[in-house]
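*Asks:* Protein chains in written order, with the working numbering: chain Z, 6 to 117; chain H, 803 to 915.
By construction, the Cβ of each residue, glycine as well, lies at the ideal position given by its N, Cα and C atoms.
Since we're looking at a predicted model, the values are computed, not measured.
In structure tokens:
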């Protein structure tokens, strides 16, 4: 089955700096890669996603890149703000229907 | 807010008991997936329902079962609870079986003692 690895497990940045979180996946059939933000006591919130026919997608301060050949994808957050502090999860879906395999999460702390 | 609601928010059960968790999907969504999230881990896929039929199952024993109703709401049932079943249980709703946006509820925190 699919195996998703995520690094780093913790990340601290100064407010205004950029943050990068990286994930790798094993199943070349995976074709959909969402990123979720989870705040304490809440469910995961979809922040951005990318499909395998696209190499990069951007939404304001958030961008995701995908390298299908190397089987890795990354989340980039620019101009970080304290409210970006949360746990971020990457996921891959090797089948239709959003049956996700999640990474182990990255705890991001933005220091004011 | 995603429009996906789960109940109850917290639950304490004794080992060996049975539990039912509920999920109301976002309006118009006909696919519900259930995940188990242990503390400090990413969510693990349990199973998925599409139009009242099970459509895929993760590596969970048969004592984890589910239902989807005609209004697309869903239940997760766990029999013979074990201590390791303590986790946050999440449901996610989406539209159809293509890879589309999936929205999660706030989860049910289950504690087995």
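Is any beta-carbon of chain Z found at less than 8 Å from that of residue 871 (chain H)?
*Replies:* So no, residue 871 (chain H) is outside the interface.
*Asks:* Looking at the C-beta of residue 114 (chain Z), does it have a partner C-beta in chain H at a distance below 8 Å?
*Replies:* So no, residue 114 (chain Z) is outside the interface.
*Asks:* Counting along the chain, where does the beta strand (DSSP E) carrying residue 881 (chain H) start and finish?
*Replies:* No beta strand (DSSP E) holds residue 881 (chain H); DSSP gives it neither H nor E.
*Asks:* What residue does the beta strand (DSSP E) around residue 857 (chain H) start on, and which one ends it?
*Replies:* Here the beta strand (DSSP E) through residue 857 (chain H) covers 855 to 859.
*Asks:* Would you mind telling me which residues of chain H sit closer than 7 Å to residue 104 (chain Z), beta carbon to beta carbon, in chain order?
*Replies:* Those within 7 Å of residue 104 (chain Z) in chain H are 835, 847, 850 and 858.
*Asks:* Identify the residues that DSSP records as bridge partners of residue 39 (chain Z): which are they?
*Replies:* Residue 39 (chain Z) pairs with Z:54.
*Asks:* May I ask you to list the residues that DSSP assigns as paired with residue 868 (chain H)?
*Replies:* Residue 868 (chain H) is bridged to H:878.
*Asks:* Which one or two residues does DSSP pair with residue 829 (chain H) in a beta bridge?
*Replies:* DSSP lists no partner for residue 829 (chain H).
*Asks:* Put residue 89 (chain Z) into one of helix, strand or coil per three-state DSSP.
*Replies:* Reduced to three states, the DSSP call for residue 89 (chain Z) is helix.
*Asks:* So that I know if they touch, is there some Cβ in chain H lying closer than 8 Å to that of residue 49 (chain Z)?
*Replies:* Yes, residue 49 (chain Z) counts as interfacial toward chain H.
*Asks:* Would residue 63 (chain Z) be called buried (16 or more neighbouring beta carbons within 10 Å of its own) or exposed?
*Replies:* Per the 10 Å Cβ criterion, exposed.
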